[in-house]
Amino acid sequence: MPLLASLDTEGGTQLLQALGIFALAGFLMAFAVLLFGKFLRPRLPHPEKNRAYECGEEAVGTGWVQFDLRFYVVALVFLVFDVEIALFYPWAVVFGGGGAPGASSEVLKEIRWAALWDMLFFFGVIVVGFLYLWRFGYLDWVRAFSGRQQGSELGAQDSVIERQTKLEAAGTASE
Amino acid sequence: MQDPVVFRVERILRSPWLIFGAGAVLAGALALALWLLFPLYKGLLADPFWFPILVMAIMLNLILSSTAICILAERKIAGFTQDRFGPNRVGFWGLLQPLADGLKFLLKEDIIPTQVDKPLFLLAPAMALIISLSGFAVIPWAGEVRWPWAPDTLVSTQVASLDIGVLYVLAVASLGVYGVVLAGYASNNKYAFYGGVRAAAQMISYELPLGLGLLCLLLTSGSLRLEEVVRQQAQSGMWYVFLHPLPFLLILVSSFAEANRVPFDLAEAEQELVGGFHTEYSSMKFALFFLAEYAHMITGSAVLVALFCGGWAPLPFSSWLADSTAWWALLIKLGAYLAKVAVCIGLFMLVRWTIPRFRFDQLMRIAWLSLVPVGIALVAGTATLTVLGLQRTWWACLGLNLVALLGMLWTAARSGRTVTGRQDDLPDIHVEPA
Numbered sequence: 017m018p019l020l021a022s023l024d025t026e027g028g029t030q031l032l033q034a035l036g037i038f039a040l041a042g043f044l045m046a047f048a049v050l051l052f053g054k055f056l057r058p059r060l061p062h063p064e065k066n067r068a069y070e071c072g073e074e075a076v077g078t079g080w081v082q083f084d085l086r087f088y089v090v091a092l093v094f095l096v097f098d099v100e101i102a103l104f105y106p107w108a109v110v111f112g113g114g115g116a117p118g119a120s121s122e123v124l125k126e127i128r129w130a131a132l133w134d135m136l137f138f139f140g141v142i143v144v145g146f147l148y149l150w151r152f153g154y155l156d157w158v159r160a161f162s163g164r165q166q167g168s169e170l171g172a173q174d175s176v177i178e179r180q181t182k183l184e185a186a187g188t189a190s191e
Numbered sequence: 043m044q045d046p047v048v049f050r051v052e053r054i055l056r057s058p059w060l061i062f063g064a065g066a067v068l069a070g071a072l073a074l075a076l077w078l079l080f081p082l083y084k085g086l087l088a089d090p091f092w093f094p095i096l097v098m099a100i101m102l103n104l105i106l107s108s109t110a111i112c113i114l115a116e117r118k119i120a121g122f123t124q125d126r127f128g129p130n131r132v133g134f135w136g137l138l139q140p141l142a143d144g145l146k147f148l149l150k151e152d153i154i155p156t157q158v159d160k161p162l163f164l165l166a167p168a169m170a171l172i173i174s175l176s177g178f179a180v181i182p183w184a185g186e187v188r189w190p191w192a193p194d195t196l197v198s199t200q201v202a203s204l205d206i207g208v209l210y211v212l213a214v215a216s217l218g219v220y221g222v223v224l225a226g227y228a229s230n231n232k233y234a235f236y237g238g239v240r241a242a243a244q245m246i247s248y249e250l251p252l253g254l255g256l257l258c259l260l261l262t263s264g265s266l267r268l269e270e271v272v273r274q275q276a277q278s279g280m281w282y283v284f285l286h287p288l289p290f291l292l293i294l295v296s297s298f299a300e301a302n303r304v305p306f307d308l309a310e311a312e313q314e315l316v317g318g319f320h321t322e323y324s325s326m327k328f329a330l331f332f333l334a335e336y337a338h339m340i341t342g343s344a345v346l347v348a349l350f351c352g353g354w355a356p357l358p359f360s361s362w363l364a365d366s367t368a369w370w371a372l373l374i375k376l377g378a379y380l381a382k383v384a385v386c387i388g389l390f391m392l393v394r395w396t397i398p399r400f401r402f403d404q405l406m407r408i409a410w411l412s413l414v415p416v417g418i419a420l421v422a423g424t425a426t427l428t429v430l431g432l433q434r435t436w437w438a439c440l441g442l443n444l445v446a447l448l449g450m451l452w453t454a455a456r457s458g459r460t461v462t463g464r465q466d467d468l469p470d471i472h473v474e475p476a
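Written out as structure tokens, the structure is:
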């Protein structure tokens, strides 16, 4: 087994080996059951069966519809935060593990506070961004859809239904 | 009314003697085969290269069969919670139900609708399964062991001992979203599409509390290797859940969300989205999604146990067996690990049948407006404790957690605004006149 033995090293190759073996096992599992079932299961295609499922109705248009803009905002905010958290990992390991091997404890004590302040500052910048998002409602999934407008007859205290009725009344009046 | 033949077969299958007798015969045959074939695999047991592969083969089998048992357990726990019997028709106490389910999945027609993106439609379930299985590579099942017939080699019961174990787990957990999103996209069905998009938003939102909770742990352990984290806990007897209960909760809640289970199963929500991302899937492909979900749950529990509940350490507050490498210690450790994972899975299931599903705005609010701020505060606090050298002192850590908890409660009590997500309770936005 010379080829396999050459793979048996520490670090990166072991990661690839683990991933490769597990991916292969998973793939074979999925493939085997699908293939095995193919010989057993009935196959009776029918145009009605093969249609997109939309509660028995004829499907309207394609399924790839436009989705809500709020999902984009979540994805963008996530991207920033996740990159930040990924940056924290090496710091956390070195910081929590007591520093680089061979470093003397005096040096460590000196740089420990510096490392903490540096990282808290970096963290702070992101937290300011987070507070901005929070304050201006980018993290709210449900947002108010009507606001107080000057000169508008819509009262802020009205309930939604009242606002709706007023809006509709205004609409019919203008027609 | 009933067909007498069917009735008779059912009654024979329901007798406990058949099930337990067959189980005993199978176990005996397996033990005999293992004993007879021992010379064949003796070399593999002590080989540091082949042993991990053997561990992988055994564990893959164990996990795939335990997913089947999980489904029965889930239905039994559902029955218990809702004061009914649960499955009890197939076999004694419903024990043959997983077999019947598997058979049914195999024999049902596999419908591939005409409108789907076929390559992606086929890829999605396989992807979900592969990704949820890959997480098992770094789980340190039972520490290291020295076999009696090869006293000079120490083999590790871990498939891959990675330097970046925790990061690998995080990466695989993030990849989990691909199976669901691909299924939602490829189905070309509106329900499936909404399910996929929801799943993406949910899973990426809950990644952040997961990452922040893990950071608190890393600041304490100083190592990304899972076996090292477990060894620290086993030797000190101080499991990290006693030091960091709030980060543990953060990760627990996030793993509920990552596994797409109730109360976080917005991606499949039967009442609103029919079946969500798996609306168009039938037969074995549908089963693969289920398998992936349960495998994901088992991985999540195993990682949680390794990081916070001492992994294979059998007893808390004691270093019993921490340095033992005997083969009998291996069995005790493995038993302890699997028992802890089973308790964790039981918790997952009880939560599923106890808590109703969240609404989507509640889901997002929990992630962004409560879990993430608490996580940020905990990371900053743990970093400060680390500088002071107190990161493993129990009163300092528990004090930090208490302060964070009180801060949460105070903030929640202070804000007078009702949080419901109804338009009536929202603050007015100020719109400048045009």
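Residue numbers (our numbering), protein chains in the order written: chain A, 17 to 191; chain B, 43 to 476.
Ideal Cβ placement from N, Cα and C applies to all residues, glycine included.
With 9 Å as the threshold, decide whether the Cβ of A/Gly-112 is near any Cβ in chain B. Using beta-carbon distances, A/Gly-112 counts as an interface residue toward chain B, with a partner under 9 Å.
Please identify the residue among A/Phe-83, A/Phe-94, A/Ala-41 whose C-alpha is closest to the C-alpha of B/Met-98. For the residues A/Phe-83, A/Phe-94, A/Ala-41, the minimum Cα distance to B/Met-98 belongs to A/Ala-41.
List, in order along the chain, the chain A residues whose C-beta lies closer than 7 Å to that of B/Ser-412? Per Cβ cutoff of 7 Å: no residues; B/Ser-412 is ~11 Å from chain A at best.
Using a Cβ-Cβ cut-off of 9 Å, state whether A/Phe-43 counts as contacting chain B. At a cut-off of 9 Å between C-beta atoms, A/Phe-43 counts as an interface residue with respect to chain B.
Within a Cβ cutoff of 6 Å, which residues of the same chain sit near B/Asn-231, ignoring the five residues on either side of it in sequence? Take B/Asn-231, set aside five residues on each side of it, and the residues of its chain with a beta-carbon closer than 6 Å to its own are Thr-321, Glu-322, in chain order.
What does a CB cutoff of less than 7 Å around B/Ala-228 pick up in its chain, not counting 5 residues either side in sequence? The residues Val-158, Asp-159, Leu-162, Phe-163, Ala-166, in chain order, have a CB closer than 7 Å to that of B/Ala-228 in the same chain once the five nearest residues on each side in sequence are set aside.
Endpoints, the alpha helix (DSSP H) within which B/Cys-386 is located: DSSP places B/Cys-386 in the uninterrupted alpha helix (DSSP H) bounded by 369-396.
C-alpha gap between B/Gly-63 and B/Ala-73, whole angstroms: Cα to Cα, the separation comes out at about 15 Å.
Is B/Leu-261 near B/Thr-435, with beta carbons less than 9 Å apart? In terms of Cβ geometry, B/Leu-261 and B/Thr-435 do not form a close pair [threshold 9 Å].
Beta-carbon separation (whole angstroms), B/Met-420 vs B/Leu-254, contact threshold 8 Å: Contrary to the premise, residue 420 of chain B reads as Leu rather than Met in this sequence. A Cβ-Cβ distance of about 7 Å is found for the pair B/Leu-420 and B/Leu-254, placing them in contact under the 8 Å criterion.
Cβ of A/Leu-44 within 9 Å of Cβ of B/Glu-151? Against a cut-off of 9 Å, the Cβ pair of B/Glu-151 and A/Leu-44 comes out as no contact.
Residue span of the alpha helix (DSSP H) that contains B/Gly-226, given as start and end: For B/Gly-226, the uninterrupted alpha helix (DSSP H) run begins and ends at 219-228, by DSSP.
Is the Cβ-Cβ distance between B/Met-101 and B/Val-201 less than 9 Å? Yes, they are a contact pair.
Looking only at its chain, what residues have a beta carbon closer than 8 Å to the beta carbon of B/Thr-32, apart from the 5 residues adjacent to it on each side? Residue 32 of chain B lies beyond the residue range present for chain B, which begins at 43 and ends at 476; the question has no answer from this structure.
State yes or no: is the beta carbon of A/Ala-185 nearer than 9 Å to at least one beta carbon in chain B? So, not an interface residue.
Taking C-beta pairs closer than 8 Å, name the residues in chain A that B/Ser-325 reaches, listed in chain order. Per Cβ cutoff of 8 Å: Gly-53, Arg-57.
Spatial neighbours of B/Asp-143 in its chain, beta-carbon cut-off 7 Å, leaving aside the 5 residues before and after: Excluding residues within five positions, the ones whose Cβ falls inside 7 Å are Ile-113.
Beta-carbon contacts of B/Val-187 that lie in its chain and below 7 Å, excluding the five residues immediately before and after: Closer than 7 Å at Cβ, skipping near neighbours: Val-197, Thr-199, Thr-367, Trp-369, Leu-372.
Proximity to B/Tyr-282 [Cα-Cα], best of B/Leu-349, B/Leu-376, B/Gly-449, B/Leu-363: Closest by C-alpha distance to B/Tyr-282, out of B/Leu-349, B/Leu-376, B/Gly-449, B/Leu-363, is B/Leu-349.
So B/Thr-341 and B/Gly-177 are in contact, right, with Cβ under 8 Å, and what is the actual spacing, rounded? 4 Å between Cβ atoms; contact.
Pull the bridge partners of B/Val-187 from the DSSP assignment, please. Bridge partners of B/Val-187 according to DSSP: B/Val-197.
Give the single residue among B/Gly-431, B/Ser-457, B/Ala-225, B/Asn-443 whose Cα lies nearest to the Cα of B/Gly-317. Between B/Gly-317 and the set B/Gly-431, B/Ser-457, B/Ala-225, B/Asn-443, the nearest pair of CA atoms involves B/Ala-225.
Proximity test, Cβ basis, 9 Å: A/Leu-132 and chain B: By this cut-off, A/Leu-132 is an interface position.
Going by the beta-carbon positions, is the gap between A/Phe-111 and B/Gly-264 smaller than 9 Å? It is a contact, given that the beta carbons lie within the stated cut-off.
For the alpha helix (DSSP H) that contains B/Ala-242, what are its first and last residues? Residues 232-263.
B/Leu-212 vs B/Leu-145 beta-carbon contact at 9 Å: No, these two residues do not count as a Cβ contact at 9 Å.
Shortest alpha-carbon distance to B/Pro-140 belongs to which of B/Leu-444, B/Asp-125, B/Arg-117? That would be B/Arg-117, whose Cα lies nearest to the Cα of B/Pro-140.
Straight-line gap, B/Trp-410 to B/Leu-78 (C-alpha atoms, nearest Å): Here the C-alpha atom of B/Trp-410 lies approximately 58 Å from the C-alpha atom of B/Leu-78.
List, in chain order, every chain B residue whose beta-carbon is nearer than 8 Å to that of A/Phe-139. Within chain B, the residues near A/Phe-139 are Ile-418, Val-421, Ala-422.
My guess is that B/Phe-328 and A/Gly-79 are in contact by the Cβ rule of under 8 Å, so how many angstroms apart are they, rounded? Contact doesn't hold; Cβ gap of about 18 Å is too wide.
Closer than 8 Å, Cβ to any Cβ of chain A: which residues of the segment 222-252 of chain B, in chain order? Those residues of the segment 222-252 of chain B that come within reach of chain A (Cβ to Cβ, closer than 8 Å) are Tyr-227, Ser-229, Asn-230, Asn-231, Lys-232, Tyr-233, Ala-234, Phe-235, Tyr-236, Val-239, Ala-242, Ala-243, Ile-246, Ser-247, Glu-249, Leu-250.
What is the residue span of the alpha helix (DSSP H) that B/Ile-105 lies within? Counted as a single uninterrupted DSSP element, the alpha helix (DSSP H) harbouring B/Ile-105 occupies residues 92-123.
Pick helix, strand or coil for B/Glu-151, following the three-state DSSP scheme. For B/Glu-151, the secondary structure class from DSSP, reduced to helix, strand or coil, is coil.
Under 8 Å, with one C-beta from each stretch per pair, do the segment 444-456 of chain B and the segment 44-57 of chain B reach the 3-pair mark? No, the segment 444-456 of chain B does not touch the segment 44-57 of chain B.
Where does B/Thr-195 land, buried or exposed, given buried means 16+ other C-beta within 10 angstroms? Only exposed fits B/Thr-195, as fewer than 16 other CB atoms lie within 10 angstroms of its CB.
Establish whether the CB of B/Ala-301 and some CB of chain A are separated by less than 9 Å. Interface flag for B/Ala-301 against chain A is unset, since no Cβ pair is found closer than 9 Å.
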